[in-house]
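In our numbering, the protein residues as written are 624 to 1074. Ideal placement from N, C-alpha and C gives every residue a C-beta, glycine not left out. Everything numeric in this text was worked out from a predicted model, so none of it was measured.
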């Protein structure tokens, strides 16, 4: 039996499973976490420790059809400026509850389109953040950049504020595919922005590219990857496009009959994967690639790679605070999510309270299963010794959990005295194998395709 037929037999091409950027996943969040819990968790952050911050800007100048994120379009800067004032109030509220001496290990601006912020606003917002929580030595400030929504003034403002990693969205360079997904972005525009970023001394450049798009073929994705490689990004996220028109109304603009089959999606991923590997990138987890000199590649080799709501990360801070509408925070105690609507978020912050409206408080079982899932997603390996040392589980129960998962995926896992491993030929199944350790009901959650 071929590997392809084994994958088919195990349901890879039919399954819809979580991406496991958290455990439990966001659909499992509930009303047990509100502003009071969020406040307690912030106040429990130790003095002098390092945390991460994520700042969400939910506005876009254009609404790309392929995107399923919660964003809103605007042709005016007025809503953006009003939103920035609320963000500053939220930052002040956070600072009032943080212990002294807390610093930032990571700051990431995402969206939406953070580069919609006018230059003066970007500077002001960054200054406000660093006045509240200074950047630690060696800290990283990254920003998601839309090549079609950036100019020299805004880029200068970000670099002056300390941005040292930029992330550009590519998706695909094929013109027909761009028109079909509502994201027209000429290669030359992307190339020029990448050169502008490099010219300003930003040494770290990320890029996102998608496989599984309408009209995408092996030849077309190979051409897009080769153009991307010409920009020499330090880190690449190769995400599978999730076509969920029943959840995202704008995706109804994309013809479903132009979508590749699950088998074709796997071939598209493999075509891109081979090109990245041939160009000297290290393969990171299930969908990332990085130059060996990049921090993510070093973390993967050292066994310190982690998973958060932005995907893979080399940030090991136990606290990630999300600022802005819909942002999710992680604390050692659990997850907390801000209300999604900008109007509701604004009302809460103007009333002097956090806008937390749902979340999840970790149990010992959550921590155990969450670490197993994260280890599978990051390292394709779960260390028996680590789990027994750090989590509340007996050797007998852990062995039973491993054996149950292994039986569910015959010939696709290696179980020995060191722990549980997913060999290279079985790695397309990683998210499905991770689901075998998920204790929550996934039947009502509408997740993306497994491949």
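- A straight line joining the alpha-carbon of residue 767 with that of residue 1027 spans about 41 Å.
- In the same chain as residue 1025, and ignoring 5 residues on each side of it, the C-beta atoms closer than 6 Å to its own belong to 1038, 1043, in chain order.
- Setting aside the 5 residues that flank it on each side, residue 759 is surrounded in the same chain by 673, 726, 727, 728, each with a C-beta closer than 7 Å to its C-beta; the list follows chain order.
- The beta carbon of residue 682 is closer than 8 Å to those of 694, 695, 696, 697, 702, 703, 706, 734, 735, 736, 739 in its chain, skipping five residues each way along the sequence.
- Across the structure, residue 922 and residue 937 are spaced so that their CA atoms are roughly 6 Å apart.
- Runs of the beta strand (DSSP E) spanning 3 or more residues and lying entirely within the region 786-825 occur at 788-794, in chain order.
- Going by DSSP, residue 1056 is part of the alpha helix (DSSP H) stretching over 1053-1058.
- Cβ contact annotation for residue 662 (same chain, cutoff 7 Å, sequence separation greater than five): 720, 977, in chain order.
- When the Cα atoms are used, residue 998 and residue 1047 turn out to be separated by approximately 15 Å.
- Our two residues, residue 959 and residue 841, have alpha carbons roughly 41 Å apart in a direct line.
- For residue 981, the uninterrupted beta strand (DSSP E) run begins and ends at 979-984, by DSSP.
- Restricting attention to alpha helix (DSSP H) runs no shorter than 4 residues, the region 913-975 encloses them at 918-925, 965-973, ordered along the chain.
- Only residues of its own chain outside the window of five on either side were considered, and among them 976, 977, 979 have a CB closer than 7 Å to the CB of residue 658, listed in chain order.
- For residue 827, the uninterrupted beta strand (DSSP E) segment begins and ends at 827-834.
- Bounds of any beta strand (DSSP E) do not take in residue 637, whose DSSP letter is neither H nor E.
- Here DSSP, grouped into helix, strand and coil, assigns residue 661 to helix.
- Using a Cβ-Cβ distance cut-off of 8 Å, the region 856-865 and the region 910-920 are in contact, since at least three pairs of beta carbons, one from each stretch, lie closer than that value.
- Residue pairing by DSSP places residue 695 opposite 682 in a beta bridge.
- Scanning the region 980-1033 for uninterrupted beta strand (DSSP E) segments of 3 residues or longer gives 1004-1006, listed from N- to C-terminal end.
- Under the three-pair Cβ rule at 8 Å, the region 634-642 counts as touching the region 881-889.
- The criterion of a C-beta distance shorter than 8 Å is not satisfied by residue 947 and residue 983.
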